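When we follow our numbering, the leftmost residue of the sequence shown carries the number 21, and every step to the right adds one. Have a look at the structure below, then the notes.
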Amino acid sequence: MQKRLLFPLAVFGATTLVMALQKPVFLLYYAAQASSYGFGDWCRVLWHGLSLDMTVAGYITALPLLLTLLSLWLPLSDRAWRRIFGIYFGAVSLVAALIFAVDLALYEHWGFRLDASALMYLDSPKEVLANVDWWMGLRQTLFFAACGALLVWLYRRLVLRLFVPAGRVPLRGVWSLVLLLLGGFDFLAIRGGVGASVANVSKVAFSSEMFLNQAAVNPLFSFLSTLGDNDSYADAYPFFPEEERAARFEALRGNPAARADSLSAVAAPAADSAALDPVLRVRRPNVVVVLLESFGRTVMDADVDGEPVMPNMQRLKSEGVWFENFFANSFRTDRGEVAVLSGFPAQTLLSVMKLPAKAATLPSIARSLVREGYATSFTYGGDLNFTNQASYLYATGWQELLWQRNLRFDTPPADWGYDDAVMCDFFADRVIELDAAGRPFLAGLLTLSSHTPFDVPYERFDNKVLNAMAFTDECIGRMVERLKDSPAWENLLLVLVADHGYPYPDGIAYNIPLRHRIPLLWLGGAVARPRVVGDYASQMDLAATLLGSMGVDHREFDYSKDLFDTVSQPRRFAYYTFNEGFGVADASGEAVWDCAADRAVSVTSPELLDVGRTLLQTTYVDIDRR
Numbered sequence: 021m022q023k024r025l026l027f028p029l030a031v032f033g034a035t036t037l038v039m040a041l042q043k044p045v046f047l048l049y050y051a052a053q054a055s056s057y058g059f060g061d062w063c064r065v066l067w068h069g070l071s072l073d074m075t076v077a078g079y080i081t082a083l084p085l086l087l088t089l090l091s092l093w094l095p096l097s098d099r100a101w102r103r104i105f106g107i108y109f110g111a112v113s114l115v116a117a118l119i120f121a122v123d124l125a126l127y128e129h130w131g132f133r134l135d136a137s138a139l140m141y142l143d144s145p146k147e148v149l150a151n152v153d154w155w156m157g158l159r160q161t162l163f164f165a166a167c168g169a170l171l172v173w174l175y176r177r178l179v180l181r182l183f184v185p186a187g188r189v190p191l192r193g194v195w196s197l198v199l200l201l202l203g204g205f206d207f208l209a210i211r212g213g214v215g216a217s218v219a220n221v222s223k224v225a226f227s228s229e230m231f232l233n234q235a236a237v238n239p240l241f242s243f244l245s246t247l248g249d250n251d252s253y254a255d256a257y258p259f260f261p262e263e264e265r266a267a268r269f270e271a272l273r274g275n276p277a278a279r280a281d282s283l284s285a286v287a288a289p290a291a292d293s294a295a296l297d298p299v300l301r302v303r304r305p306n307v308v309v310v311l312l313e314s315f316g317r318t319v320m321d322a323d324v325d326g327e328p329v330m331p332n333m334q335r336l337k338s339e340g341v342w343f344e345n346f347f348a349n350s351f352r353t354d355r356g357e358v359a360v361l362s363g364f365p366a367q368t369l370l371s372v373m374k375l376p377a378k379a380a381t382l383p384s385i386a387r388s389l390v391r392e393g394y395a396t397s398f399t400y401g402g403d404l405n406f407t408n409q410a411s412y413l414y415a416t417g418w419q420e421l422l423w424q425r426n427l428r429f430d431t432p433p434a435d436w437g438y439d440d441a442v443m444c445d446f447f448a449d450r451v452i453e454l455d456a457a458g459r460p461f462l463a464g465l466l467t468l469s470s471h472t473p474f475d476v477p478y479e480r481f482d483n484k485v486l487n488a489m490a491f492t493d494e495c496i497g498r499m500v501e502r503l504k505d506s507p508a509w510e511n512l513l514l515v516l517v518a519d520h521g522y523p524y525p526d527g528i529a530y531n532i533p534l535r536h537r538i539p540l541l542w543l544g545g546a547v548a549r550p551r552v553v554g555d556y557a558s559q560m561d562l563a564a565t566l567l568g569s570m571g572v573d574h575r576e577f578d579y580s581k582d583l584f585d586t587v588s589q590p591r592r593f594a595y596y597t598f599n600e601g602f603g604v605a606d607a608s609g610e611a612v613w614d615c616a617a618d619r620a621v622s623v624t625s626p627e628l629l630d631v632g633r634t635l636l637q638t639t640y641v642d643i644d645r646r
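Here you go:
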């Protein structure tokens, strides 16, 4: 029985080994790129990739583990069990070998590891084969055959030898419990550990060098985990025929400089606006973007018995550029983060952050400023593997990620990560350190204490949600004062913006504009003067507004509007999405549409319905094309 117990362990171990060995094979296959990295980098690829390797091994081990348990109670012949396992291991070997072979060939052309999007091309086999030369076909066929044969030999000749279903097993109940315990460990491997984030490609991201991150990705995991994402996104919301949709979007395009007839206006709007009434005192400030977890305006503007919930935000908004009618694009951090940092609208039923191959093609504030010579650094007290954040951030130009796995403080982290008191103090010191280095920089921070479970060392109110919000407000206020007292403040643009709103007070509808209204505030010595911006806008407009104020080219941000552009004057409106629906608001009113019910929820300005339909449809068409 002990030998039979070793069988599922051997399956797991052998599979993990095979998955790990695929990485040096990949690096050798692309030796021209890999040669610029040292032995230590190769080791880090293996180490960081191990988590997904073990996840794949967990999935492959699950059935043999179950069958081993079943064998204790179901007396089949040795021949029958070996036939069952032989068929299973043969199928696993062929599928794995095929994915390895195709992945190696396609990475050169795609720049990312194999995912299920490859299946979209199977309906055009003639065109696919036209792109395969005879040498590639022969090479990958030989690799597939060799890899498949090796895996079949490993599983059937070495691993399967440990399965010996001989006779009646004594203490079947005890051994069954042992196998169930092994099943628990296998589940943890499949899940990716006991942390908040489950297995995803972001878990292996460890470097600003995207080739190394890609090398660490397990292609089987990448492919199988995206099988459900292979639908045609362009068909999700067919409100208008394609030509009409394109024409409507062209009229709404946030960045007029991207239009063919406006190329002469690349930097003119920002320059002209700045000349008339400059928003910034300096052209190339150091930039800090702080994403405030769940800071909805309904919370920020609330008070309890005359005591404001967020006194610091209320005080600070008179000291800088305050955007009075600013809205979140979504109700989730992963979508709000992309809207802020990439100027890309949020989606209704998916998160583009979880589509790494697509997310990597998005424009970003970080990448734009890297081209201007800026260093980039992002800080978070929790787990950046959650919702693929690390993968997205590295892919879009953030050179340094500081988060829970590489931060150590005297105080232990809470369930969600280090609280905002610890992180805001650390981040203030980090900004001062970056300023002293002398190179222009972009630094980002995502707060977390105002996120469920709202576990904070703070008791001003009876409501734990309000206590958490007030706690983060206090931490932000202290951080701002720390920066004010430092030399870094003189050349600093500090952007405070919420990642999304919060359903406060209880009962506020999830789909109305008020639920999505959030603060946006620019502070710092780089701000020319305090002012209030009354234009309606949303998170996706921050990118063009920020870059435009700095005189940085922002033509690639198709959806983002420069709110200080007084030349082309793009249409001002706020757009947001929720589960199966959208909302649009501007000075004329609002329009909220429920796509699932195919009806209006609230309409005071009917023309805004077509604005929302155009943006929602275009977003999904855009995703489909990337």
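Backbone N, C-alpha and C define an ideal beta-carbon position, used for all residues, glycine too. Small disclaimer: the values here were computed from a predicted structure and weren't measured.
Asked                                                                                                                                                                        : Found
Report the rounded CA-to-CA distance for P28 versus C63, giving the unit in angstroms.                                                                                       : 27 Å
Considering E610, what are the terminal residues of the beta strand (DSSP E) in which it resides?                                                                            : 609-614
Have a look at A463, Y412, A77, T246 and flag the residue whose alpha-carbon is nearest the alpha-carbon of T353.                                                            : Y412
Kindly indicate which three-state DSSP category R133 falls into: helix, strand or coil?                                                                                      : coil
Applying the 10 Å Cβ sphere with the 16-neighbour rule, what's the burial state of Y524?                                                                                     : buried
Which first and last residues belong to the beta strand (DSSP E) in which V572 is found?                                                                                     : Element bounds for V572: n/a, residue is neither H nor E.
For G60, does the count of other Cβ atoms within 10 angstroms reach 16, so buried, or fall short, so exposed?                                                                : exposed
With burial defined as no fewer than 16 other Cβ atoms inside 10 Å of the residue's Cβ, what is the status of I385: buried or exposed?                                       : buried
Go ahead and label Q589 buried or exposed: buried means 16 or more other beta carbons lie within 10 angstroms of its beta carbon, across all protein chains shown.           : exposed
Nearest CA to the CA of L562: which residue from R551, H574, V552?                                                                                                           : H574
According to DSSP, simplified to helix, strand and coil, what is S196?                                                                                                       : helix
Could you tell me the boundaries of the alpha helix (DSSP H) in which N332 lies?                                                                                             : 331-336
Report yes or no: do the stretch 197-207 and the stretch 357-375 share at least 3 C-beta pairs separated by less than 8 Å?                                                   : no
To the nearest angstrom, how far is it from the Cα of F315 to the Cα of P460?                                                                                                : 28 Å
Taking R387 as the reference, give the member of E576, F163, V623 with the closest Cα.                                                                                       : E576
By the DSSP assignment, the alpha helix (DSSP H) with E264 in it spans what residues?                                                                                        : 262-272
Can you list, in chain order, the residues of its chain whose CB lies under 6 Å from that of A294, leaving out five sequence neighbours each side?                           : For A294, the predicted structure reports a pLDDT of 47, less than 50, and the residue's modelled location is therefore unreliable. A value from the coordinates is still provided. If we look at A294 and ignore the five residues flanking it on each side, it has no Cβ neighbours.
Please list the segments of the alpha helix (DSSP H) lying wholly inside the stretch 57-140, counting only runs of 4 or more residues, in order along the chain.             : 59-91, 98-130
Less than 7 Å between the CB of N306 and some heavy atom of the ligand NAP, yes or no?                                                                                       : As for the ligand NAP, it is missing from this structure, which has no ligand bound.
Please report the residue range of the alpha helix (DSSP H) in which A488 lies.                                                                                              : 484-504
Hey, could you find the ends of the alpha helix (DSSP H) S362 is sitting in?                                                                                                 : 353-362
If we ignore side chains and look at the alpha-carbon of each, how far apart do G193 and Q42 end up?                                                                         : 39 Å
Could you check what DSSP says for V308 in three-state terms: helix, strand or coil?                                                                                         : strand
Buried or exposed for V324, going by 16 or more other Cβ atoms inside 10 Å?                                                                                                  : exposed
Given N238, which residues of its chain have a CB within under 7 Å of its CB, disregarding the five upstream and five downstream residues?                                   : M39, G69, L72, D73, V76
Using the Cβ count rule (16 or more neighbours within 10 Å means buried), how would you classify D618?                                                                       : exposed
Within 10 angstroms of its Cβ, does T431 collect 16 or more other Cβ (buried), or is it exposed?                                                                             : exposed
Taking the straight line between their C-alpha atoms, what separation do you get for A348 and L272?                                                                          : 19 Å
Can you list, in chain order, the residues of its chain whose CB lies under 6 Å from that of L514, leaving out five sequence neighbours each side?                           : V308, L543, G544
On the criterion of 16 or more Cβ atoms from any shown chain inside 10 Å, does I643 qualify as buried, or is it exposed?                                                     : buried
If you draw a straight line from the alpha carbon of R177 to that of I107, how long is it in whole angstroms?                                                                : 13 Å
Going along the chain, which residues of its own chain have a beta-carbon closer than 7 Å to the beta-carbon of F224, five neighbours each way excluded?                     : It is worth fixing the name first, because residue 224 is Val in this sequence and not Phe. Answer for V224: H68, G69, S71, L72, N233, A236, V237, listed in chain order.
Does the separation of the CB atoms of V547 and G340 fall below 8 Å?                                                                                                         : yes
Leaving aside the five residues before and after P322 along the sequence, list all residues of the same chain whose C-beta is less than 6 Å from its C-beta, in chain order. : The sequence given here places Ala at residue 322; Pro does not occur at that position. Around A322: V329.
How about W423 and H471: do their beta carbons lie closer than 8 Å?                                                                                                          : no
State buried or exposed for T467, treating a residue as buried only when at least 16 other CB atoms are found within 10 Å of its CB.                                         : buried
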